[in-house]
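Data first, discussion second: the structure below is written as structure tokens.
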Amino acid sequence: MAALPSMRPLGCLRSLIGLQDAVQPQITRRFISTAYSPKPKRVPLPPNLPQQFLSQLPERLQPREDSKRVKVYPAPPSTRKVCKDPIAKVTESQMAIHDPKGERKALFDYRRNPRSVKPGDILRVTFKNGDPFNGVALSIKLRGIDTSVLLRNELTRVAVEMSVKVFSPNVQSVEIVQRAERPARRARLYFMRSRKHDRRSVENLVGAYIRQKRAFLGGNRRK
Amino acid sequence: MPLRLPGGLSQLSSSLWESQSLLPLVQSRQFGIKALTTPKPSRFSIGPGLPVLESTSTAALRRKAYTLPLRSGAIATKKGMTAIFDPESGKRIPCTVLQLDRVEVISHKTRQKHGYFAVQVGAGWKHPKNVTKPMLGHFSVNGVSPKRHLYEFRVKGEEGLPPVGSSIGANWFQLGQFVDARSNSKGKGFAGVMKRHGFHGQDRSHGVSLTHRSLGSAGPSQGGGSRVYPGKKMAGNMGNEQNTVQNLKVLQVDAEAGIVVVNGSISGPKGCTVRIQDAIKKPWPEVKAEAEPVAEVEATATA
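Protein chains in written order, with the working numbering: chain A, -1 to 221; chain B, 50 to 352.
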């Protein structure tokens, strides 16, 4: 309940004092927290300070020794700089053993070499154990030492597919029997598995090729 | 109620009490339940020919001695997989390529101080700015550069502790020897029970709604205690857990490039950290003199 002026006749005096306070500018009011005080400069220690007084100083003022800093030792030479791509190095060492002249690599590098094997070509692969395999190249996977070609043929009226690792030491030779009539428009000719586009057996073509080669070489059994 | 001496004693004269206290044994009253017969020694834990107690740390180390490798392992990075053709048989051998980078012995764990023998090995390099001060001090005390990876390899005895600061190169491993490789598998994130534990899920139809890939029941009802038993297989985080592949043959070693090629696959993505150590299920390899760690770092530290 607000006091009525009639109840407190001297109350008007109080309002006058309060008004004076309010009129005073706020700027003059300052608190300790806002007062600016510059950072005190570090006072240099007196020269020739006896050693026993040093312990009386706070720790931050005590003369710092360099031995407090942790010594970091240099790293030994890195093997990662010697060999940045170990996979490539291992692959290269394998290629040097199994394909020293780089012929096999060029034969299947269909992205760069225009004379290479291309999808759709008919190949004849001879293995070390004597069994040849003929077929249409459906796809060529270029994976370094794991490069392989997928061959499709029909043996005894059964469709057969064989993936041949071309750098395998078991692969003796790879011959191109017949190039594709026109270059295939895709890299993987998996549509040839459908009945409509199946090439069926390529044995007739390969047989003709072998006979032609024999005649050319003068009946020699040499390949 | 405090225990009191029998009333008769308090009435004794002081001189008699003093003379009695000089006697070695004072007959005093017994409280509590008293056995009528003397306790018999247990018939199980007495007698000659009993086995020595096997719950000591010494006994634990003795049990472990047969399976602990004789020498330390190394920290490597998985670089990826490729294949090697065996020239004789023409067989293709799938292999994993690992690279060792600046692998060094950081410190030792000894039986006397820590209770077991182990070699703390570090690999790679970490900028000193990014290393915490306690770790920086640890590296500094042992005179090695800050390392990216730190692991311990337990060894059988003191003979398996190479000098601190010596480097472990790829030629630490010999051609044809077998190693165990441990690394974290690929993380699969939060996976359901079908993917994580191979559950069969539930029917596509027959009244099943919205729970085609979930688990069936989490356990029995009131008869089983109305609770889910600990270890119940449920959905959760899959992968990114340590896996050890044992008995991998070392196919190639290149000390200069730090390459170790091992047969077969190793858990984890490319670039993951792999710890390789002599296989515990094969005879220990005969260590050659050249495979000894090279103590060249100590020379440079003192220079």
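Using N, Cα and C, we set each Cβ at its ideal position, and we do this for glycine too. If you're wondering where the values come from, they're calculated on a predicted model, not measured in any experiment.
DSSP three-state assignment for residue i, whether helix, strand or coil
i, result
"residue 186 of chain A", "coil"
"residue 64 of chain B", "With a pLDDT of only 49 at residue 64 of chain B, under 50, the local geometry of the prediction cannot be trusted, and no value is derived from it."
"residue 90 of chain A", "helix"
"residue 200 of chain A", "coil"
"residue 130 of chain B", "strand"
"residue 169 of chain B", "strand"
"residue 184 of chain B", "helix"
"residue 153 of chain A", "strand"
"residue 198 of chain B", "strand"
"residue 329 of chain B", "coil"
"residue 189 of chain B", "helix"
"residue 95 of chain A", "helix"
"residue 169 of chain A", "strand"
"residue 33 of chain A", "coil"
"residue 38 of chain A", "coil"
"residue 159 of chain A", "strand"
"residue 95 of chain B", "coil"
"residue 80 of chain A", "helix"
"residue 215 of chain B", "coil"
"residue 180 of chain A", "coil"
"residue 43 of chain A", "coil"
"residue 57 of chain B", "Annotation note: pLDDT 46 at residue 57 of chain B (below 50); position unreliable, coordinate value reported separately. If DSSP states are grouped into helix, strand and coil, residue 57 of chain B belongs with the helices."
"residue 135 of chain A", "strand"
"residue 74 of chain A", "coil"
"residue 177 of chain B", "helix"
"residue 82 of chain B", "coil"
"residue 53 of chain A", "helix"
"residue 348 of chain B", "Only weak support is given to the placement of residue 348 of chain B: the predicted model assigns it a pLDDT of 43, under 50, and the question is left unresolved by the model."
"residue 110 of chain A", "coil"
"residue 125 of chain A", "strand"
Presumed contact (8 Å Cβ cut-off) between residue i and residue j, rounded CB distance
i, j, result
"residue 168 of chain A", "residue 126 of chain A", "5 Å"
"residue 107 of chain A", "residue 140 of chain A", "7 Å"
"residue 155 of chain B", "residue 193 of chain B", "6 Å"
"residue 295 of chain B", "residue 202 of chain B", "Wrong, their Cβ atoms sit about 16 Å apart, outside the cutoff."
"residue 111 of chain B", "residue 232 of chain B", "Not confirmed; about 30 Å, so no contact."
"residue 162 of chain A", "residue 146 of chain A", "6 Å"
"residue 198 of chain A", "residue 117 of chain A", "Actually they are not in contact, since the Cβ atoms of residue 198 of chain A and residue 117 of chain A sit about 18 Å apart, beyond 8 Å."
"residue 118 of chain B", "residue 223 of chain B", "Contact doesn't hold; Cβ gap of about 14 Å is too wide."
Backbone CA spacing between residue i and residue j [nearest angstrom]
i, j, result
"residue 204 of chain B", "residue 165 of chain B", "8 Å"
"residue 201 of chain A", "residue 209 of chain A", "12 Å"
"residue 308 of chain B", "residue 288 of chain B", "27 Å"
"residue 102 of chain A", "residue 141 of chain B", "17 Å"
"residue 277 of chain B", "residue 285 of chain B", "16 Å"
"residue 59 of chain B", "residue 90 of chain B", "With a pLDDT of only 45 at residue 59 of chain B, under 50, the local geometry of the prediction cannot be trusted, and the value read off the model is given with reservation. Each residue's Cα considered, the two are about 40 Å apart."
"residue 66 of chain B", "residue 81 of chain B", "In this prediction, residue 66 of chain B scores a pLDDT of 49, lower than 50, which makes its location untrustworthy; the coordinate-derived value is nonetheless stated afterwards. Taking the straight line joining both Cα atoms gives about 26 Å."
"residue 215 of chain B", "residue 153 of chain B", "6 Å"
"residue 47 of chain A", "residue 76 of chain A", "49 Å"
"residue 147 of chain B", "residue 300 of chain B", "11 Å"
"residue 42 of chain A", "residue 11 of chain A", "59 Å"
"residue 254 of chain B", "residue 293 of chain B", "41 Å"
"residue 93 of chain B", "residue 85 of chain B", "23 Å"
"residue 116 of chain B", "residue 139 of chain B", "36 Å"
"residue 154 of chain A", "residue 99 of chain A", "38 Å"
"residue 204 of chain A", "residue 132 of chain A", "7 Å"
"residue 101 of chain B", "residue 160 of chain B", "21 Å"
"residue 180 of chain B", "residue 195 of chain B", "7 Å"
"residue 279 of chain B", "residue 107 of chain B", "33 Å"
"residue 189 of chain B", "residue 51 of chain A", "32 Å"
"residue 68 of chain A", "residue 37 of chain A", "29 Å"
"residue 78 of chain A", "residue 123 of chain B", "16 Å"
"residue 283 of chain B", "residue 328 of chain B", "34 Å"
"residue 337 of chain B", "residue 331 of chain B", "18 Å"
"residue 314 of chain B", "residue 206 of chain A", "45 Å"
"residue 94 of chain A", "residue 261 of chain B", "54 Å"
"residue 134 of chain A", "residue 128 of chain A", "20 Å"
heavy atom of the ligand ADP below 7 Å from residue i C-beta
i, result
"residue 279 of chain B", "The ligand ADP is absent from the structure shown, which contains no ligand whatsoever."
Decide yes or no for the touch test of the segment 184 to 195 of chain B against the segment 227 to 237 of chain B: beta carbon pairs closer than 8 Å, at least 3 of them.
Contact check between the segment 184 to 195 of chain B and the segment 227 to 237 of chain B: fewer than three CB pairs, one atom from each, fall below 8 Å, which does not count as touching.
Say whether the segment 115 to 122 of chain A touches the segment 158 to 177 of chain A, bearing in mind that this needs 3 or more beta-carbon pairs closer than 8 Å, one atom from each stretch.
At 8 Å Cβ cutoff, the stretches touch.
Complete runs of the beta strand (DSSP E) confined to the segment 228 to 281 of chain B [at least 3 residues]
Those beta strand (DSSP E) runs which fall completely within the segment 228 to 281 of chain B and span 3+ residues are 238 to 240.
I'd like to know if the segment 305 to 325 of chain B and the segment 124 to 131 of chain B are in contact, where contact means that at least 3 CB-CB pairs between them fall below 8 Å.
These segments touch.
Decide yes or no for the touch test of the segment 238 to 255 of chain B against the segment 291 to 309 of chain B: beta carbon pairs closer than 8 Å, at least 3 of them.
Contact between the segment 238 to 255 of chain B and the segment 291 to 309 of chain B is absent, because fewer than three Cβ pairs lie under 8 Å.
What residue ranges within the segment 97 to 158 of chain B form continuous beta strand (DSSP E) runs of no fewer than 3 residues, ordered along the chain?
Counting whole runs of 3 or more residues, the segment 97 to 158 of chain B contains the beta strand (DSSP E) stretches 123 to 134, 141 to 148 and 153 to 158.
Would you be able to state if there are at least three C-beta pairs under 8 Å between the segment 197 to 213 of chain B and the segment 166 to 179 of chain B?
They touch, by the three-pair rule.
Which runs of the beta strand (DSSP E) at least 3 residues long sit entirely within the segment 282 to 317 of chain B? Give them in chain order.
List check, beta strand (DSSP E) in window: 285 to 287, 291 to 303 and 308 to 312.
Contact set between the segment 127 to 147 of chain B and chain D, restricted to residues whose Cβ is under 7 Å from the partner:
Included in the structure are the protein chains A and B, with no chain D among them.
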